[in-house]
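Undergrad: Heads up: the sequence shown begins at 24 in the numbering used here, then just goes up one per residue.
Backbone N, C-alpha and C fix where the C-beta goes; we use that ideal spot for every residue, glycine too.
Remember, predicted model here, so these are calculated numbers, not experimental data.
Can you keep this structure in mind? I'll have questions shortly.
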Amino acid sequence: MNGIRTIWNQGRAAILGWVHIPSLLAVETLARCGYDGLVIDLQHGEADLASAMPLLPAIHAAGIEPLVRMKANDAGDIGRMLDFGAYGVIAPLINTADDAARLAGALHYPPHGARSFGPRRPPMRFGADYYAKASETIVSLAMVETREALANLDAIIGVEGLDGIFIGPADLSVALGRPPRADTDDPEVLAAIRHIIARCKAGGRRVGIFCNDAGYGRRMIAQGCDLVSLAPDLTLMAAAARASVQAARG
Ligand code: 3PY
Ligand code: MG
């Protein structure tokens, strides 16, 4: 079973870390800080497929789930990440039910999808019969972060084979004519976020959101989110470094 799904089945929300720096040592360290999983960001982080590969088992070795945020909704790339030990997939810019169906197709073996068979790491964890249970070992979230996605929200939510929606607040803000921001309190963007959460609940789907601030993450969990990501490694490092230098200067 996937640890994130276990947390959801217990009625709790999962808290994820976010990786922009594809350093093995940094990821091994972050993986032992209490998160339920780490997301390697292939879209806006420095990792590519090759540099992400050794990070996946390192995260699993710490007892938490390795997830990836893909750089695009690409079945070939998603298949490679799954074959090498990603147990969660977040796909950006899912704007239509067709986009969502293509994502679902990339995640599941036939007859539920079109994933090609060739897992390298997952059988080490889940055994030789991985093929039969692969779908339950993976959590999957389609990112809703455009006006088009908002317009097609119920159709996207209705696609079978995905766990739910992950909200990208920066792109969503831009889509609504606001500056790109996480942790936003802009009334129109907040209304869109609340709407997405409510439609996911109504459709029986999980919902998560990218956050920086822990307090904002708590608020989002209180408003119904099943999963929040907190400040990326680079953001945490810069904030701690800035505070440290400032404190020393007095
Ligand atoms: C967004 O806020 O748009 C994201 O994709 C989070 O990284
Ligand atoms: Mg985005």
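Could you have a look at Ala70 and say whether DSSP puts it in helix, strand or coil?
TA: coil
Undergrad: For His218 and Arg272, I'd like the C-alpha separation in whole angstroms.
TA: Distance from the CA of His218 to the CA of Arg272, rounded to the nearest whole angstrom, comes to 45 Å.
Undergrad: In terms of residues, what are the limits of the beta strand (DSSP E) holding Leu253?
TA: 250-255
Undergrad: Judging by CA-CA distance, which residue of Tyr132, Phe107, Leu213 is the nearest neighbour of Cys234?
TA: Leu213
Undergrad: In the structure shown, what three-state DSSP assignment does Ala114 receive?
TA: Looking at Ala114 - three-state DSSP - the assignment turns out to be strand.
Undergrad: By the DSSP assignment, the beta strand (DSSP E) with Arg217 in it spans what residues?
TA: Careful: Arg217 lies outside any beta strand (DSSP E), inside the alpha helix (DSSP H) at 210-225.
Undergrad: Could you compute how far the alpha carbon of Ala73 sits from the alpha carbon of Met104?
TA: 10 Å
Undergrad: Which residue marks the beginning of the beta strand (DSSP E) containing Asp64, and which one marks its end?
TA: 60-64
Undergrad: Rounded to the nearest angstrom, what separates Leu185 and Ser267 at their Cα positions?
TA: 42 Å
Undergrad: Just how far apart, CA to CA, sit Gly187 and Ile180?
TA: 7 Å
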